[in-house]
Each structure stands twice: as C-alpha cells, then as structure tokens.
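The structure appears right after this line, and notes come after that.
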Amino acid sequence: MAMTAAVKDELSRLAVTKPCCRKAEVASVFRYGGSLHIVGGRIAIEAELDTGAAARRLRKDIWEVYSHRADLVIQSPGGLRRGHRYQLRVTAGGEAMARQIGMVDGQGRPAFGLPPYLVNGPLCDCEAVWRGAFLAHGSLTEPGRSSALEITCPNMESAIALAGAARRLGIPGAKHREVRGSDRVVIRDGDAISALLTRLGAHESVLAWEERRMRREVRATANRLANFDDANLRRSARAAVAAGARVSRALEILGDDAPEHLAAAGRLRLDHKQASLEELGTLADPPLTKDAIAGRIRRLLAMADRRAFELGIDGTDGPHPAAGQASPAIAATGPEGSIGPQSVPAAQAPHGTAVTVPTQAGGVSADSAAQRSQELPASTDTSIVSQVGPGALSSPGSR
Ligand SMILES: [Zn+2]
3 MAMTAAVKDE LSRLAVTKPC CRKAEVASVF RYGGSLHIVG GRIAIEAELD TGAAARRLRK
63 DIWEVYSHRA DLVIQSPGGL RRGHRYQLRV TAGGEAMARQ IGMVDGQGRP AFGLPPYLVN
123 GPLCDCEAVW RGAFLAHGSL TEPGRSSALE ITCPNMESAI ALAGAARRLG IPGAKHREVR
183 GSDRVVIRDG DAISALLTRL GAHESVLAWE ERRMRREVRA TANRLANFDD ANLRRSARAA
243 VAAGARVSRA LEILGDDAPE HLAAAGRLRL DHKQASLEEL GTLADPPLTK DAIAGRIRRL
303 LAMADRRAFE LGIDGTDGPH PAAGQASPAI AATGPEGSIG PQSVPAAQAP HGTAVTVPTQ
363 AGGVSADSAA QRSQELPAST DTSIVSQVGP GALSSPGSR
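Residue numbers (the numbering used here): 3 to 401.
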C-alpha cells in the first residue's frame, strides 16, 4: 500500500474519544478539505474525502459531536480523478456549524485560517488538527531524496496555522510553501515525519515508514560504495599513504646515491601524501605526466629494493628475507610496469607485467605472482606498486 493510503487508512480507524479532539478533527477536515456553498440562500458546508472509511468517520463525528446530519454523495472515478470521491454535505444547520467550526466569522463572513480556539488550544487538539488535515489533503511520499509529508491548504492563513500547530507539537521543519500557486505545508526531514506520525497515532505507518527508510538507506549505502569515483578516491588516498611510507624508506636506503630526478619525484610524493599522481605531476618542475611521475617513483623503489637486497637490509616493503621471512613479490602494471631487466634474481613473467623475487625456500613462480597481481583491487595507476604479502603466496597448493 502506498504510504499516503496507509496513513489515511490508519488515521480513519484510530479511536479518538475526547470530545475536544473529535471537534478539532472535524473542523480541520472541513478547513483543509471543505468548502462553503450557498444553497437556497443559506450557507451549506461540504467536505470531500478520498476514502470511504474517512467519510464514514467524519459523518459519525458530525452527528455525535455537532448533532448535524450530513448527506454522503459518492462520485465515481472519471476525468482527472482516479479513485472515488466521497462528499459530505451539511445543509440543514450548515450555517450554524460553519460558525462552530470557524469556517465563517461572527459576522457571517468566510474565515481563512484556523479559529483561535484551535490555534491556542491544547496540544491534543493540535494533533487532531493535523489528523484532519492529513485525511482531507495529506500525502506522504516514499522515503528517499524527495520524500515529504505534505498538506495542500486552501489558503495561506490555514497553511501558516498548520505549520504553527506542528511547531507547538515540537515537530521541526514544517514549512509553509507556495508551489505553483497552491499553499502547502511540507515536512522533508525523515525523523520529523516519523515524530509527527507518532504524535498523530499512526503507529503502524511509522513502522512501515521506518522500515522503508532503512531499506532505502541500505540501498543508498551500497550504491555509494559501488560508486566508482568515491571508491577510487578512497583507494588512491590509501595507496598514496602506503606509497609515501615506501618512498621514505627508499630515500633512506639510497641516500645520496639516488639519481636526482628520481629522488625529486620521491620527495614530491612525501610532501603531498594525499595528492593523486596527476596532481603530483603538475607539481613537478618541469611538470610531468602522471605516468612519468609514477614511473620515476617505481624506479626509485626498485632501485632501493635492489640495494637493500644486496646489503641484506630491510627493503621498502618490509623486513629483509634474510630475517627469516618470505620475500615479498613485487608486481607492477602500467607502461613502466616491470621493474627492469637488471632486477636481481628476478624472473620475468611471460607477459612482462610482473616480477617476483623468489624466496630462498623454493619461492613462487612468476606465473602465480602475475595471476595474483591481477586479483589485487588496487593495481591501477593510482597504486604504484602492489605488494603481495608473504601470507598470500605461501598458501598450500600454490605452485
Ligand atoms: Zn483534545
């Protein structure tokens, strides 16, 4: 069931016993969904509703609280109307009732806002006014970006009065809006909508609304995570920070031996840890393409790792293999993907995109390292060198 219909259905079944609340609800249904007519020179009042249950509830209250009889006319769907319309008309005693509910003032002139006894009445009557207004002209759209609880009002005064009633109930964000010439009261905040529905007594609708909101939120989060840009941003930031740590170690290993253009690229990486490769390239002097800066950083790391291997010290990506650990395999992709032919005991993968440094204890074939490098999520241009941890390669069954 659509949310609007669910709320109306629940409100029209809600048991309300206090006479002040029943009076207020009737007055509100006429205020927000009614009209004044002159029939035979006398004032008649009419209210139009879109469900039979709401119409029956109104007719009962008119009789029990105001002691007037209302005639019910059911209009079939047609023209622009999709559903039945239920018109209740009070002809005999209509003028007296119009005064009682504040549709006309003491001089018999039409009134526009809510009568003072409702504007300044008890909070239970603020709730009743909102119930009546929703039954008469309310709508609630599905949770989402444009979700809203809305009441279409007959004029500006009644809209301002309704927004005021929401404020008195402690519901934030009920705003009077003029949309295409019609006055509306709109609440957009999901929590405020829940709070108002609770005050109105539409508890099943609150549960349904909250459940749909939650499902919607889970979907939205999933969509955000799947969003390419966002995921990529986070991934490049992580990759940049990891690369920063490796570059710092590389500069330490090579010291003054680092070729100046490679060291400069490394220093840029350190000075701007969160910057993308593209941004780093523009910061270089002279500017470099992102592939060129990535290549220089890769060569710096490779050079440092070779030096570390020769010296038997820790490389840029963890403890030295001699310290009893399996050596990490280095896999890289991109135009300058392979670390280089002079790479010490390195085996070139068939397609030239991966290089592994075998461990002393048998090691791993270049094939499997290449395979694994393809499974890595971050082996895009944003991560300079992807590291396959020793654990990932030492699983039983790996060739
Ligand atoms: Zn009351």
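Yeah, the Cβ is synthetic: ideal placement off N, Cα and C, and Gly gets one too. In this text the structure is predicted, and so the values were computed from the model without any measurement.
In whole angstroms, give me the CA-to-CA distance for A244 and A210. 45 Å
Margin query: Could you tell me the alpha carbon to alpha carbon distance between L282 and K292, rounded to whole angstroms?
Written below: Distance from the CA of L282 to the CA of K292, rounded to the nearest whole angstrom, comes to 7 Å.
Nearest-angstrom Cβ-Cβ length linking E1 and Q89, presumed shorter than 8 Å: As displayed, the chain neither begins before 3 nor continues past 401, which places residue 1 out of reach and without an answer.
Is it the case that the CB of K20 approaches a heavy atom of ligand 1 more closely than 7 Å?
yes
Check this for me: beta carbons of L256 and R298, under 8 Å apart or not? no
If I measure Cβ to Cβ from P117 and keep anything under 8 Å in the same chain, skipping five residues before and after, which residues do I get?
Within the same chain, P117 has close Cβ partners A29, I103, G104.
Going by the C-beta, is R11 closer than 7 Å to any heavy atom of ligand 1?
-> Here the sequence assigns Asp to residue 11, which means Arg is not the residue at that position. Every heavy atom of ligand 1 is 7 Å or more from the Cβ of D11, so no.
message: Would R137 and I189 be called neighbours here (beta carbons separated by less than 8 Å)?
response: Before going on, a small fix: residue 137 reads as Leu here, not Arg. No.
Same chain only: Cβ atoms within 6 Å of L171, ignoring 5 sequence neighbours per side: C128, R201
Item to check | Segments of 4+ residues assigned as alpha helix (DSSP H) that fall wholly inside the segment 246–306 | outcome: As far as the segment 246–306 is concerned, its whole alpha helix (DSSP H) runs of at least 4 residues are 262–273, 279–285.
Figure out for me which residue from L302, A113, S196, N122 has the closest Cα to the Cα of R33.
A113
| message | Between M5 and chain C, is any beta-carbon pair separated by less than 8 Å? | response | Any reference to chain C falls outside this structure, which holds one protein chain only.
Among the candidates G42, P21, L253, whose CA atom is the shortest distance from the CA of A266?
L253
Exercise. Name the DSSP bridge partner or partners of H205?
Worked result: DSSP lists no partner for H205.
- request: Please check the pair L120 and V131, which I expect to be a contact at CB under 8 Å, by giving their CB distance rounded to whole angstroms.
  value: Their Cβ separation, rounded to whole angstroms, is 6 Å, which keeps L120 and V131 in contact under 8 Å.
Item to complete: With a threshold of 16 other CB atoms inside 10 Å of the CB of V418, please say whether the residue is buried or exposed.
Response: Here the chain comprises residues numbered 3 to 401, so residue 418 is not present and cannot be evaluated.
Notebook entry, point to check: According to DSSP, what are the bridge partners of T19?
Noted result: The partner list for T19 (beta bridge, DSSP) is empty, contrary to what the question assumes.
- Is the CB-CB distance between A161 and V9 below 8 Å? no
- Task: Go ahead and label T284 buried or exposed: buried means 16 or more other beta carbons lie within 10 angstroms of its beta carbon, across all protein chains shown.
- Result: Counting every other CB atom within 10 Å of its CB across the protein chains shown gives T284 a total below 16, marking it as exposed.
Cβ-heavy atom distance, C23 to ligand 1, below 7 Å = yes
Report the rounded CA-to-CA distance for A296 versus D307, giving the unit in angstroms.
16 Å
Item checked: Nearest to R217 (by Cα), restricted to the options A163, G146, A167, P156 -> G146
What's the C-alpha gap between L270 and R300?
13 Å
*asked:* Quick check on DSSP: helix, strand or coil for S184?
replied: strand
With the cut-off set at 8 Å, would you say A176 and R182 are in Cβ contact?
no
Rounded separation between G320 and Q276 - CA only
22 Å
Length-filtered (4 minimum) alpha helix (DSSP H) runs lying within the segment 78–121: 96–102, 118–121
Practice problem: Drop a sphere of 10 angstroms on the beta-carbon of A17, count the other beta-carbons inside from all chains shown, and report buried for 16 or more, exposed for fewer. | Solution: exposed
- prompt: How big is the Cα-Cα spacing for L272 and A222?
  reply: Rounded to whole angstroms, the gap between the alpha carbons of L272 and A222 is 36 Å.
At which residue ranges does the segment 42–78 contain complete beta strand (DSSP E) runs of 3 or more residues, listed in the order of the chain? 44–51, 73–77
Beta-carbon contacts of E97 that lie in its chain and below 7 Å, excluding the five residues immediately before and after: R44, I45
Taking the beta strand (DSSP E) that G140 falls in, what are its first and last residues? 140–142
Exercise. Around the Cβ of L279, are there at least 16 other Cβ atoms within 10 angstroms (buried) or fewer (exposed)?
Worked result: buried
Legend entry - Own chain, CB closer than 7 Å to L13, minus 5 neighbours either side, in chain order: Here the set comprises R133, F136, L137, L202, A204.
Open item on the list: Looking at T53: is its Cβ nearer than 8 Å to the Cβ of S141?
Closed with: no
Assigned secondary structure, I40 (DSSP; H/G/I helix, E/B strand, else coil): The answer is strand: DSSP assigns I40 an E or B state.
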